[in-house]
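Worksheet: one structure, shown below.
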Amino acid sequence: MQFFPDVLMPLVAAYHAGEKLLLLFDYDGTLTPIVEHPWQAQLAPQTRELLADLAAQPHVHVGIFSGRRLDELEQLIGLPPLAYCGLSGIEMRIDGNLLVHPTARESVQLIDEITRRLSAIEHVYPGAWVEHKRYGFTVHYRGVDAALIEEVRKRILGFLECWTRQLRIIDAPLAVEVLIGGTWTKGDAVRKMIEHVGEPLFAFYAGDAPNDREALEATTAHGGIALGVGPLAPTAATAHVSDPETFVGWLEALLHAIQGAPVEM
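Using the numbering used here, count along the sequence shown one by one with no gaps and you end on 388.
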């Protein structure tokens with residue numbers, strides 16, 4: 124397996140030079156393959172063990188990011204010592220402390236109203252459904268007849284037009300992710316975690332989807348490495364791997380290199 128030395132070597136060099144490593148990973152499509160329904164995206168036991176081993180290394184800090192709700196993400200990972208970012212930045216738990224953007228708390232009723240109205244799509248287009256996330260929602264249409272995919276996408280985006288000033292709308296692959304506007308993004312979460320860990324540190328972020336763009340940009344702005352996973356990763360990524368399986372294999376190589384074991388390039 125190829126271990127992408129151009130990405131691996133700067134991280135290992137920084138670590139052995141005494142810098143802290145801040146390793147941040149998106150969940151769906153990065154640590155796990157994309158699946159038709161979110162509840163099918165279960166973390167492999169070997170990957171959970173790998174994350175725990177990385178976080179147990181001296182001066183290594185691990186965070187998991189997602190568009191999922193924070194409590195759901197924490198349950199899926201099951202590793203309390205890690206940092207977490209849910210709802211693409213709106214919710215975070217860093218060193219056990221919960222952070223929620225105040226604007227999101229004030230906008231719950233708006234999200235409730237929109238999701239009630241939009242839920243009609245489930246009856247008009249079989250296979251489409253609305254996932255309510257308290258401070259946002261996602262309209263999934265991966266299960267819709269292939270001939271209707273583009274029509275459904277346009278219907279969803281058209282329906283949301285009257286709320287564009289109040290919402291952050293992300294046109295994701297086979298889904299539309301909607302969050303309260305004016306709130307933290309994944310990029311803000313990266314900056315908050317950098318601030319919490321403190322200098323000197325070397326930052327790394329891996330993500331696969333449009334809602335990872337701000338996090339990838341924040342990482343490179345700090346001089347770190349932004350890794351895209353899969354074919355739809357944002358162009359903000361400075362390096363790429365083909366799929367989650369390859370990425371997890373690369374993480375294993377990183378762990379061995381941090382521990383001082385030789386890695387075959």
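Each residue gets a CB set at the ideal place from its N, CA and C atoms; glycine is no exception.
Sub-8 Å separation of residue i and residue j beta-carbons
i	j	result
residue 326	residue 351	no
residue 309	residue 335	yes
residue 184	residue 320	yes
residue 306	residue 182	no
residue 210	residue 228	no
residue 190	residue 207	no
residue 302	residue 259	yes
residue 362	residue 135	no
residue 377	residue 296	no
residue 349	residue 215	no
residue 152	residue 333	no
residue 74	residue 188	Since the first residue of the chain shown is 124 and the last is 388, residue 74 is not available in this structure.
residue 146	residue 375	no
Cα-Cα separation, residue i to residue j
i	j	result
residue 385	residue 180	Unreliable placement is indicated for residue 385, whose pLDDT of 47 sits below 50; no coordinate value is reported for it.
residue 155	residue 371	9 Å
residue 382	residue 254	41 Å
residue 283	residue 238	11 Å
residue 262	residue 241	9 Å
residue 236	residue 196	25 Å
residue 344	residue 314	10 Å
residue 304	residue 292	8 Å
residue 250	residue 360	32 Å
residue 123	residue 275	Residue 123 lies beyond the residue range present for the chain, which begins at 124 and ends at 388; the question has no answer from this structure.
residue 203	residue 339	24 Å
residue 322	residue 171	27 Å
residue 143	residue 131	15 Å
residue 232	residue 358	35 Å
residue 141	residue 324	9 Å
residue 212	residue 270	34 Å
residue 290	residue 178	35 Å
residue 316	residue 277	36 Å
residue 129	residue 169	25 Å
residue 200	residue 264	25 Å
residue 387	residue 373	The predicted model places residue 387 with a pLDDT of 45, which falls under 50 and marks its position as unreliable; any figure quoted below should be read in that light. Taking the straight line from one Cα to the other gives about 11 Å.
residue 328	residue 294	21 Å
residue 245	residue 230	24 Å
residue 285	residue 138	49 Å
residue 257	residue 369	33 Å
Continuous beta strand (DSSP E) stretch holding residue i: start and end
i	result
residue 291	290-295
residue 252	252-255
residue 362	362-364
residue 207	206-209
residue 157	Segment: none, residue 157 is in no beta strand (DSSP E) and carries neither H nor E.
residue 300	298-303
N- and C-terminal bounds of the alpha helix (DSSP H) containing residue i
i	result
residue 247	244-247
residue 216	Counting along the chain, residue 216 falls outside any alpha helix (DSSP H), though it belongs to the beta strand (DSSP E) covering 214-217.
residue 326	Here residue 326 belongs to no alpha helix (DSSP H); instead the beta strand (DSSP E) covers 324-330.
residue 268	Neither: residue 268 is in no alpha helix (DSSP H) and is coded neither H nor E.
residue 311	309-320
residue 378	367-381
For the stretch 164-207, list the beta strand (DSSP E) runs that are entirely contained and at least 3 residues long, ordered along the chain.
-> 183-188
What are the complete beta strand (DSSP E) segments, minimum 3 residues, inside the stretch 333-365?
-> 348-352, 362-364
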